[in-house]
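A.B. asks: What follows is a single structure, and I will ask about it in a moment.
Number of protein chains: 4
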Amino acid sequence: MLDVDGVLTDNAVYVGAVGGERVEFKRFDIQDGLGLALLAGTDIRVAIISGRTSEATALRAAELRIDDVIQDPGARKLPALTALLEKHRLDWDQVAFVGDDLADLPVLTRVGLPIAVANAVPEVKAVAAYVTEAAGGFGAVREVISAVLRARDEYEAAVGRYLAARDGDDA
Amino acid sequence: MLDVDGVLTDNAVYVGAVGGERVEFKRFDIQDGLGLALLAGTDIRVAIISGRTSEATALRAAELRIDDVIQDPGARKLPALTALLEKHRLDWDQVAFVGDDLADLPVLTRVGLPIAVANAVPEVKAVAAYVTEAAGGFGAVREVISAVLRARDEYEAAVGRYLAARDGDDA
Amino acid sequence: MLDVDGVLTDNAVYVGAVGGERVEFKRFDIQDGLGLALLAGTDIRVAIISGRTSEATALRAAELRIDDVIQDPGARKLPALTALLEKHRLDWDQVAFVGDDLADLPVLTRVGLPIAVANAVPEVKAVAAYVTEAAGGFGAVREVISAVLRARDEYEAAVGRYLAARDGDDA
Amino acid sequence: MLDVDGVLTDNAVYVGAVGGERVEFKRFDIQDGLGLALLAGTDIRVAIISGRTSEATALRAAELRIDDVIQDPGARKLPALTALLEKHRLDWDQVAFVGDDLADLPVLTRVGLPIAVANAVPEVKAVAAYVTEAAGGFGAVREVISAVLRARDEYEAAVGRYLAARDGDDA
Chain A
222 MLDVDGVLTD NAVYVGAVGG ERVEFKRFDI QDGLGLALLA GTDIRVAIIS
272 GRTSEATALR AAELRIDDVI QDPGARKLPA LTALLEKHRL DWDQVAFVGD
322 DLADLPVLTR VGLPIAVANA VPEVKAVAAY VTEAAGGFGA VREVISAVLR
372 ARDEYEAAVG RYLAARDGDD A
Chain B
222 MLDVDGVLTD NAVYVGAVGG ERVEFKRFDI QDGLGLALLA GTDIRVAIIS
272 GRTSEATALR AAELRIDDVI QDPGARKLPA LTALLEKHRL DWDQVAFVGD
322 DLADLPVLTR VGLPIAVANA VPEVKAVAAY VTEAAGGFGA VREVISAVLR
372 ARDEYEAAVG RYLAARDGDD A
Chain C
222 MLDVDGVLTD NAVYVGAVGG ERVEFKRFDI QDGLGLALLA GTDIRVAIIS
272 GRTSEATALR AAELRIDDVI QDPGARKLPA LTALLEKHRL DWDQVAFVGD
322 DLADLPVLTR VGLPIAVANA VPEVKAVAAY VTEAAGGFGA VREVISAVLR
372 ARDEYEAAVG RYLAARDGDD A
Chain D
222 MLDVDGVLTD NAVYVGAVGG ERVEFKRFDI QDGLGLALLA GTDIRVAIIS
272 GRTSEATALR AAELRIDDVI QDPGARKLPA LTALLEKHRL DWDQVAFVGD
322 DLADLPVLTR VGLPIAVANA VPEVKAVAAY VTEAAGGFGA VREVISAVLR
372 ARDEYEAAVG RYLAARDGDD A
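From first to last, the protein sequence lines stand for chains A, B, C and D. My numbering puts the first residue of the first sequence at 222, with every later residue one more than the last. My numbering puts the first residue of the second sequence at 222, with every later residue one more than the last. My numbering puts the first residue of the third sequence at 222, with every later residue one more than the last. My numbering puts the first residue of the fourth sequence at 222, with every later residue one more than the last.
Right, dumping it as structure tokens:
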């Protein structure tokens, strides 16, 4: 499970008006996207949950083929994720969560593998089992995915599958 | 009271034309936004004042539920803020102001708590009682809010209220 | 005289399509804008010249009330600036030019005060009399303006005029 | 041959919705653009290949007058580049490729001159003959072009042609 702002993005929102309509852009990292592609073929599912509602998040999630996308405008992440776990019949200790700010604390203190990005606030780092070297939006998610796959001894196989699907021999 | 450009943003404006119309985007920090949410339930009011007029500023201020938003195209901040204080029956020594550039000097030299961001010009840092470690648009406002709440011994309570509203027990 | 890309901007162009139409944004620095405002009331004129044609440049120049704006899609800056000097009856040795790349060399080797930004290519730094500490788009132009005004012993007066126009006593 | 994301860009995509339509921006470096202009008059051809499909890439490639532009949504770069080489009757050992991520590995291990940008993943740096000092989107392509031209002893001539076309004597 991934927080969005500050984890999949550089923790910023680019706001302006186009034709009188509010528009916001978010900055997503391309190497994070390839990391998520490495999970294809594993039994790891990905969910993202944001404490804001943003079309930018929905659009990027669709491109990345994220399994579950939750956006709660009140940053009430715990009830939403509790429902998600029930739907997939999963327990909290089967979950890794990557977060950066106070709104992630109620979830981070329940999951089996709480992870903080380099740019997380002190309270989040204090409860994390792992703090990434990379900042959110600059490869933090890729770092987490690689570390998890290596810990499960699945990294080489995942890279192999990714490359085999792209070498063109069976194009 | 918060200046906008260089305090709530990275001190840049992203300018372009869409359909023949001028459009500008500004980059706001998400952790600053959570900091402003921490002020809910305290008796601290927030005003932002900009020396430029920008729809981006108005849109972000609306999202953050800022109490007072002043945009003066001539960067004449002192008359605008004097009127604001009169409206709220406040004195200058009850005000903290966060600024970065020369246009903030007339206000910074009057308020009780003048604050400069890390990226402020030397003249602004020279009159500041506090200079943030974080740069504008990269958590400077969050740093100020946390420091003020801690100085008032209200930080733990504010975080507690924020989390209680999001743990879902009363959803 | 100021180059645009890499001098007034962070040397990038943000490109995308909106409604099937090409759109580009450029990132301009707000503290540079205040620096240009400090020149009001001095006898220093400002011209910007770009080797690309961009609506973003024209829009920002209009906001900054730049005296002369030249955009040449072939990056042929020398003929354009020669004509500009003739129009204003100025000599090359009365001109300071701030540049960053090879296209600026024909001009930099003619002006009285050639200036390179911190992010300039080696060839440009080699012919510069002054290399800024700040990078383009991050205060390089502000640094140049402050340095020029100080060298002319006009800095304090310029700041005084700027603040006097904003203290509201004569509003 | 140049990868796009992370090589010609800062490895990010800026995503938002305008009028209900998905829009993405990419950040390209202007000094890279001048580097590509230096290749005019040499016998070096340039191709760019992306593992994503983006109008931003197509628009920037058109501006830079790139000879061949390939965008494959499945990141299957090897078959596409094999066809390109056949079209131009070139061998792999006549090709330099600049990449940053796993999707570039099948190509990097075949070309004569494999190059990794500073921000490349370890697997890509491991197979590269040259790793740039500059990061993608911050001059990495300019660095490669200058290094290649110098290695061929063509750099001074290329700069000379570039400047001669812009000094205005034959305007």
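Don't be surprised by glycine CBs; every beta carbon is placed ideally from N, CA and C. No experiment lies behind these values; they were computed from the predicted model shown.
Got a sec? Which residues, its chain only, sit under 6 Å from THR274/C by beta carbon, not counting five neighbours each side?
C.D. replies: So the list reads GLN292 and PRO294, once near-sequence residues are dropped.
A.B. asks: Mapping DSSP to helix, strand and coil, what is GLY381/B?
C.D. replies: It is helical.
A.B. asks: May I ask you to list the residues that DSSP assigns as paired with LYS247/A?
C.D. replies: DSSP output for LYS247/A lists VAL236/D as bridge partner(s).
A.B. asks: Where VAL365/D and THR353/D are concerned, what is the direct C-alpha to C-alpha distance, given to the nearest angstrom?
C.D. replies: VAL365/D and THR353/D: Cα-Cα distance of roughly 7 Å.
A.B. asks: Helix, strand or coil: which one does DSSP assign to GLU242/D?
C.D. replies: If DSSP states are grouped into helix, strand and coil, GLU242/D belongs with the strands.
A.B. asks: Is it buried or exposed for GLU242/C, if we count other Cβ within 10 angstroms and need 16 for buried?
C.D. replies: Exposed.
A.B. asks: State whether the region 298-314 of chain B contacts the region 231-245 of chain C, with contact taken as three or more CB pairs (one from each stretch) at a distance under 8 Å.
C.D. replies: No: fewer than three Cβ pairs fall under 8 Å.
A.B. asks: So ALA282/D is in the alpha helix (DSSP H); what residue range does that whole segment cover?
C.D. replies: First-last of the alpha helix (DSSP H) with ALA282/D: 276-285.
A.B. asks: Taking 8 Å as the cut-off, decide whether the C-beta atoms of ARG383/C and LEU299/B are in contact.
C.D. replies: Reading off the sequence shown, one finds Tyr at residue 383/C, where the question assumed Arg. No. Outside cutoff.
A.B. asks: Quick one, are the C-beta atoms of ALA337/D and ASP321/D less than 8 Å apart?
C.D. replies: Cβ atoms of ALA337/D and ASP321/D: closer than 8 Å.
A.B. asks: With distances taken Cα to Cα, identify the nearest neighbour of THR330/D among ASP288/D, VAL319/D and PHE249/D.
C.D. replies: When only C-alpha atoms are compared, the closest one is VAL319/D.
A.B. asks: Listing by chain order, which chain B residues have their CB less than 9 Å from the CB of GLY240/C?
C.D. replies: Neighbours of GLY240/C on chain B, chain order: VAL239 and GLY240.
A.B. asks: Buried or exposed: which applies to GLU377/D, given that a residue is buried once 16 or more other Cβ atoms fall within 10 Å of its Cβ?
C.D. replies: Flag for GLU377/D reads exposed.
A.B. asks: Enumerate in chain order the residues of its own chain whose CB-to-CB distance from TYR301/D is below 8 Å, with the five nearest sequence positions on each side excluded.
C.D. replies: In the sequence as presented, Tyr is not what sits at residue 301/D; that position holds Ala. Answer for ALA301/D: ILE270, ILE291 and ASP293, listed in chain order.
A.B. asks: Is it true that the region 276-286 of chain C meets the region 248-261 of chain B, where meeting means three or more beta-carbon pairs spaced less than 8 Å apart?
C.D. replies: Counting Cβ pairs under 8 Å, fewer than three are found: no touch.
A.B. asks: Take GLU344/C as the anchor and find which of ARG373/D, ALA372/D and GLY381/D has the nearest alpha-carbon.
C.D. replies: If we check each option's Cα against that of GLU344/C, GLY381/D comes out closest.
A.B. asks: Report the CB separation of ARG305/C from ALA317/C in whole angstroms; it is logged as a contact under 8 Å.
C.D. replies: First, the residue type needs correcting, since residue 305/C is Leu and not Arg in the sequence shown. LEU305/C to ALA317/C, Cβ: 14 Å. No contact.
A.B. asks: If you run the structure through DSSP and keep just helix, strand and coil, what is ALA347/C?
C.D. replies: Looking at ALA347/C - three-state DSSP - the assignment turns out to be helix.
A.B. asks: For the candidate residues ASP231/B, ALA385/B and ARG373/B, whose alpha-carbon lies nearest to that of ILE265/B?
C.D. replies: Of ASP231/B, ALA385/B and ARG373/B, the residue nearest in Cα terms is ARG373/B.
A.B. asks: Which residues in chain D sit within 9 Å of GLU276/A, going by Cβ to Cβ distance?
C.D. replies: What GLU276/A touches in chain D: VAL236, GLY237, ALA238, GLY241 and ARG243.
A.B. asks: Cβ of ARG360/B within 8 Å of Cβ of ASN232/B?
C.D. replies: Looking at the sequence itself, residue 360/B is Gly, so the reference to Arg does not match. Contact flag unset, no.
A.B. asks: Taking the beta carbon of ARG286/A as the centre, do at least 16 other beta carbons fall within 10 Å, making it buried, or is it exposed?
C.D. replies: Exposed is the call here.
A.B. asks: Does the distance from the CB of THR263/A to the CB of ARG248/A come in under 8 Å?
C.D. replies: No, Cβ-Cβ distance for THR263/A and ARG248/A is not below 8 Å.
A.B. asks: Measure the C-alpha to C-alpha separation of VAL328/A and ASP289/A and round it to an integer number of angstroms.
C.D. replies: Answer to the nearest angstrom: the Cα atoms are 16 Å apart.
A.B. asks: On the criterion of 16 or more Cβ atoms from any shown chain inside 10 Å, does ALA350/B qualify as buried, or is it exposed?
C.D. replies: So ALA350/B ends up on the exposed side.
A.B. asks: Can you have a look at ARG371/C and say buried or exposed, based on whether 16 or more other CB atoms are within 10 angstroms of its CB?
C.D. replies: By the neighbour-count rule (16 or more Cβ atoms within 10 Å), ARG371/C is not buried but exposed.
A.B. asks: Go ahead and pull the three-state DSSP assignment for ARG256/C.
C.D. replies: Note that residue 256/C is Gly in the sequence shown here, rather than Arg. Three-state result, GLY256/C: helix.
A.B. asks: Can you list the residues of chain B that TYR163/C reaches, using a CB-CB cut of under 8 Å?
C.D. replies: Outside the modelled stretch of chain C, which goes from 222 to 392, sits residue 163/C, for which no answer is possible.
A.B. asks: If you compare alpha carbons, which of ALA355/A, GLU284/A and ALA379/A is closest to ALA339/A?
C.D. replies: Selected option, being the one with the closest Cα: ALA355/A.
A.B. asks: Excluding sequence positions up to five away, which residues of its chain have a Cβ less than 8 Å from the Cβ of LEU223/B?
C.D. replies: Result list for LEU223/B: LEU229, VAL267, ALA268, ILE269, ILE270, PHE318, VAL319 and VAL362, in chain order.
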